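Colleague:
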Amino acid sequence: MAADPTAETGAPRPRGDTRESVLFGGVYGAVLASSLVAALTQHGHTTAASRRYDALWVLFTAFASAFAHGYAHHVAERGPRRRGDVLRVLRDEWPLVAAVLPTVFLLAGAGWGWWPPGKVEYPALYLNIAILFILGVLTARWASRRWPSALLIGLADALLGFVVVIANALIK
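Taken in order, the sequence shown gives residues 37 to 208; the numbers are from the numbering used here.
1) Please identify the residue among Glu113, Val122 and Ala84 whose C-alpha is closest to the C-alpha of Leu142.
2) Tell me the rounded alpha-carbon separation between Leu171 and Arg124.
3) Confirm, please, whether the CB-CB distance from Asn204 to Ala69 is below 7 Å.
4) Between which residues of its own chain and Trp178 is the CB-CB distance below 7 Å, once the five residues before and five after are set aside?
5) Decide yes or no for the touch test of the region 144-157 against the region 69-82: beta carbon pairs closer than 8 Å, at least 3 of them.
6) Using only the alpha-carbon positions, how far apart do Gly106 and Gly147 sit?
7) Which same chain residues end up closer than 8 Å to Val122 when comparing Cβ atoms and leaving out the 5 residues on each side of it in sequence?
8) Can you list, in chain order, the residues of its chain with a C-beta nearer than 6 Å to that of Phe198? Leave out the 5 residues immediately preceding and following it.
9) Relative to the C-alpha of Leu59, which candidate in Gln78, Tyr162 and Ile189 has its C-alpha closest?
10) I need the DSSP call for Thr54, collapsed to helix, strand or coil.
11) Roughly how many whole angstroms lie between the Cα atoms of Ala134 and Asp128?
12) Whose C-alpha, out of Ala112, Ser71 and Leu126, is nearest the C-alpha of Val94?
13) For Gly62, is the classification buried or exposed, using 16 other Cβ atoms within 10 angstroms of its Cβ as the cut-off for buried?
14) Rounded to whole angstroms, what is the Cα-Cα separation between Tyr89 and Gly145?
Now the structure itself:
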């Protein structure tokens, strides 16, 4: 792996750094998707029609969250601005939206009758736990962490998903 050029100069990483964006956006998106599935299911969304609605709602919320996060960074950054900077900042939020797509697929599939709409909540939650684990391991390995350390980081990320599952069970 190449050395980090910003480490030598002390300069901050560029905002669009892929590794950081993938971890932040992926973790945020997976936790967001899990929380939405748990909340929507709690409010009686278990029919095919409601699962199609849920899929759109999760996707819309991901785009809204990505826009809000990207826009907040754009406003908070100081310095000269060029036309199109806000679009570049928003483009950097793609991992957040990408992380919710598996959940959107599960919900939409339940809405289209591919599997029972009332039985998609826990598979979606467990899928997001797996995504969190994989993101943790991948980003740790990208940062040149050894396998034992990378697996522990993956488990720590997955713990965020377990917190949603536990909260979901306790709140019901």
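Cβ coordinates follow ideal geometry from the N, Cα and C atoms, glycine included.
All values reported here derive from a predicted model rather than from experimental measurement.
Modeller: Taking the geometry as given:
1) Ala84
2) Between the alpha carbons of Leu171 and Arg124 lies a distance of about 23 Å.
3) no
4) Leaving aside the five residues that flank Trp178 on each side, the residues in its chain whose CB is nearer than 7 Å to its CB run, in chain order, Arg55.
5) yes
6) 31 Å
7) Gly106, Tyr107 and His110
8) none
9) Closest by alpha carbon: Ile189.
10) helix
11) 11 Å
12) Put simply, of Ala112, Ser71 and Leu126 the residue whose alpha carbon is nearest the alpha carbon of Val94 is Ser71.
13) buried
14) 12 Å
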